[in-house]
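Here the protein sequences come in this chain order: C and E.
Each position in the first sequence, counted from 1, maps to that position plus 21 in the numbering used here.
Once you know that position 23 of the second sequence is 3 in the numbering used here, the rest is easy, because the numbers rise by one and skip nothing.
We treat Cβ as the ideally placed atom computed from N, Cα and C, and that holds for glycine.
Encoded as structure tokens, the structure appears first; notes follow it.
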Amino acid sequence: MSAYEHAVAWVTERLEGVDPSYRRDVELTTRELTARSGLRARFLELFALVALALRLRSRARTGDRREQIWHQGAYIGSVVLVLALAAGAWASAERTAEALMLIGAAGLTASVVLGMRGNRLAAALLAAAGGAAHIGADASAVGSGAFATACIAAVAGLIAGTPPRASGRVTALAIGASSLAGLPLAVAGAGDAAVVAGTLTVVASLVLLALGWFDPRLAAAATALIFTRLLATGLDELGQALAVLSRDGGGLLLVRWALMSTGVVVAWLATNRSIRRTSRL
Amino acid sequence: MSDPRPLREPTFLVLTALGSGPMHGYGIIKAVDEMSDGRVVLRAGTLYGALERLESQGYVAFDGEGSEGGPSRRYYRLTKEGSNLLADEAERLASNARLAFDRLGIESA
């Protein structure tokens, strides 16, 4: 089998909520359609299969119930947020090498692993403890207020949200370990914990929003993430922006705040559109 | 079960392909390609997503597995509701086309 055929088989094996003959049929049809196709056509077929897998997974896990989609989206968004905070915490820990900071970063990473495994209460407790340890290590650091707000929002999301099916142990560990990406970011001088976490949150929001076209839970997760970012930094920035604006007319902060608010609305609209699309003929 | 919005063209063509009898996925894709003169190219992921939606809403049903000398395939057929949906949509499109021809003073075929 070629690499392409392996990829097709890998995706079709992951179609949820359908019987084995459906998976076999999808794989067979895809292989026949692309038997003499070029690279571009094969890539497009694979992309369509991934989109199908995402849509079926969302349907299998939520029954296309709006409430379930938002609850699972909030949970996924919270786990991603803790992952971004963990990366930020590792970035700070690498620079300061303080024991309390290392404990905070480890706690946040463990929270991601437990969150992925579906242990939401343990994940929420570890996120709270890890966040508190990180902030306690250097409460006067720039952006510690935003970091704390994001931690509170993540804990709330983990408690209020509904975990989707638990991930496998290896997947959960691999995703938790990806928070160590904060270390090279710190070496590259990407900035403090809040900046690293904020940047990763924006990148993750965009990726989730794009995938949310097929799986509405991911669009809901993006909405939760952007809203949290607005909550963590935006409200503070709005006050600063208005103060600056009244003093010397500088409107950059106001523009940033407006962009974030627009982002929340756009993500919310995208989620609702994605939900409607799942049943549109 | 019924959606008041017009059908999307790929869905309309999938239902039309099944209008003549049960077909498997590959056959539907080829039929849609032929009927639309290559204008509508269905990807396997798109087709099976549409079939799954149509099946869950009762317009299409699984018609068993069969093979024509090759590997076994799943066949799909239109249900009574699916036939009604297709007929209603065809009538709506035809009515709109008649309206446009009338306004343009063109005699429709």
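Could you tell me the alpha carbon to alpha carbon distance between residue i and residue j, rounded to whole angstroms?
i: Ala241(C); j: Val39(C); result: 24 Å
i: Val20(E); j: Ile124(C); result: 57 Å
i: Arg78(C); j: Trp289(C); result: 21 Å
i: Val32(C); j: Ala77(E); result: 42 Å
i: Ser300(C); j: Arg33(E); result: 6 Å
i: Arg53(E); j: Trp234(C); result: 30 Å
i: Ala181(C); j: Ser99(C); result: 10 Å
i: Glu48(E); j: Gly5(E); result: 14 Å
i: Leu79(E); j: Leu65(E); result: 21 Å
i: Arg(-12)(E); j: Ala24(E); result: 17 Å
i: Trp278(C); j: Leu65(C); result: 37 Å
i: Thr220(C); j: Asp85(C); result: 31 Å
i: Ser89(C); j: Tyr96(C); result: Note on residue identity: the sequence assigns Gln, not Ser, to residue 89(C). Answer to the nearest angstrom: the Cα atoms are 11 Å apart.
i: Ala160(C); j: Ala126(C); result: 15 Å
i: Glu87(E); j: Phe81(E); result: 6 Å
i: Glu35(E); j: Gly(-1)(E); result: 15 Å
i: Ser282(C); j: Arg141(C); result: 28 Å
i: Ser132(C); j: Ala154(C); result: 13 Å
i: Ser226(C); j: Val287(C); result: 12 Å
For residue i, name the three-state secondary structure that DSSP assigns.
i: Val40(E); result: strand
i: Arg238(C); result: helix
i: Gly50(E); result: coil
i: Glu34(C); result: helix
i: Glu58(E); result: Residue 58(E) is actually Leu in this sequence, not Glu. Strand, per DSSP.
i: Glu45(E); result: strand
i: Met122(C); result: helix
i: Met22(C); result: coil
i: Gly5(E); result: helix
i: Asp82(E); result: helix
i: Val276(C); result: helix
i: Thr283(C); result: helix
i: Asn64(E); result: helix
i: Thr130(C); result: helix
i: Pro185(C); result: coil
Just to check my reading of the structure: residue i and residue j have Cβ atoms closer than 8 Å, yes? What is that Cβ distance to the nearest angstrom?
i: Ala30(E); j: Met15(E); result: Not a contact, Cβ separation roughly 15 Å.
i: Leu129(C); j: Gly152(C); result: 7 Å
i: Phe168(C); j: Ala120(C); result: At roughly 18 Å, the Cβ-Cβ gap does not stay under 8 Å, so Phe168(C) and Ala120(C) are not in contact.
i: Ser113(C); j: Asp213(C); result: 6 Å
i: Tyr43(C); j: Leu36(C); result: 7 Å
Is there a Cβ from chain C that is less than 8 Å from the Cβ of residue i?
i: Leu(-13)(E); result: yes
i: Ala24(E); result: yes
i: Pro51(E); result: yes
i: Arg54(E); result: yes
i: Leu(-2)(E); result: no
i: Thr(-9)(E); result: yes
i: Gly29(E); result: yes
i: Leu73(E); result: no
i: Glu61(E); result: no
One question on the structure: do residue i and residue j come within less than 8 Å of each other, judged by their Cβ atoms?
i: Tyr28(E); j: Leu73(C); result: yes
i: Val40(E); j: Leu58(E); result: yes
i: Ala215(C); j: Gly109(C); result: yes
i: Leu104(C); j: Ser200(C); result: yes
i: Pro184(C); j: Arg82(C); result: no
i: Val29(C); j: Arg52(C); result: yes
i: Arg83(E); j: Pro(-14)(E); result: no
i: Ala149(C); j: Val191(C); result: no
i: Met122(C); j: Gly197(C); result: no
i: Thr222(C); j: Leu102(C); result: yes
i: Ala145(C); j: Leu179(C); result: yes
i: Gly62(E); j: Leu(-5)(E); result: yes
i: Leu244(C); j: Gly94(C); result: According to the sequence provided, residue 244(C) is Thr. The question's Leu does not apply to it. Their beta carbons are under 8 Å apart, which means Thr244(C) touches Gly94(C) by this criterion.
i: Leu239(C); j: Leu246(C); result: no
i: Ser188(C); j: Pro237(C); result: no
i: Leu303(C); j: Thr(-9)(E); result: In the structure as shown, chain C starts at 22 and stops at 302, and residue 303(C) therefore has no counterpart that could be examined.
i: Ala158(C); j: Leu252(C); result: no
i: Leu230(C); j: Ala291(C); result: yes
i: Ala171(C); j: Val134(C); result: no
i: Tyr55(E); j: Gly46(E); result: yes
Measuring only between beta-carbons, confirm whether residue i sits less than 8 Å from chain E.
i: Arg76(C); result: yes
i: Thr50(C); result: yes
i: Leu204(C); result: no
i: Asp46(C); result: yes
i: Ala69(C); result: yes
i: Ser300(C); result: yes
i: Ser42(C); result: yes
Is residue i close to chain D? Criterion is C-beta to C-beta, closer than 8 Å.
i: Ala218(C); result: Absent here is chain D; the protein component of the structure consists of chains C and E.
Between residue i and the ligand MN, is the CB less than 7 Å from at least one heavy atom?
i: Arg57(E); result: Judged by which ligands are present, the structure shown has none, so any question about the ligand MN falls away.
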